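Residue numbers (the UniProt record's numbering): 1 to 103. Structure first, then comments.
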Amino acid sequence: MEITIKVRQTMDSYVARHGKLTASCTAGPRQAAERLAGKIFGQFQRVTIEEVSFEPCSHSYWRIVTEPQVCRICGCTWDHACSGGCFWVEADLCSRCDGGDEQ
């Protein structure tokens with residue numbers, strides 16, 4: 001899965017936005033993008049983040065791509081989740097196989 005997000009600099013922080021979700025960070029635009037990726041995909045989903053365009057003193061666009069990840073028990077992935085849905089509880093274990101299928 002691939003999404004593009006917008007990161008803008010405010011007076012004292014960087015704010016990343018995708019749809020209605022936002023994340024901010026004072027350290028830099030990449031860190032704001034990383035925080036937003038965590039909100040969108042969860043902390044255990046591996047992603048690649050790269051800057052795709054930059055407007056000085058304004059904003060930048062970042063591409064976030066999910067990396068292949070497979071549950072070690074059932075073989076589900078982000079794009080092909082378990083029936084009824086699941087999420088990562090470890091980098092290679094989904095919530096259905098862990099027994100904690102409530103988000």
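In this text, a Cβ means the ideal position worked out from N, Cα and C, and glycines have one as well. None of these values were measured; they are calculated from a predicted model.
Identify whether R17 lies in helix, strand or coil by the three-state DSSP scheme. strand
Relative to the C-alpha of residue 113, which residue among S53, R63 and P29 is closest?
The structure shown has nothing for residue 113, since the chain only spans 1 to 103.
Between the Cα of F5 and the Cα atoms of T77, R35 and A27, which residue gives the shortest distance? A small fix is needed here, since residue 5 is Ile in this sequence, not Phe. Nearest C-alpha to I5: R35.
Using the C-alpha atoms, what's the distance from Q45 back to G19? Here the alpha carbons of Q45 and G19 stand approximately 19 Å from one another.
* Asked: Grouping DSSP H, G and I as helix and E and B as strand, with all else coil, what is E50?
  -> strand
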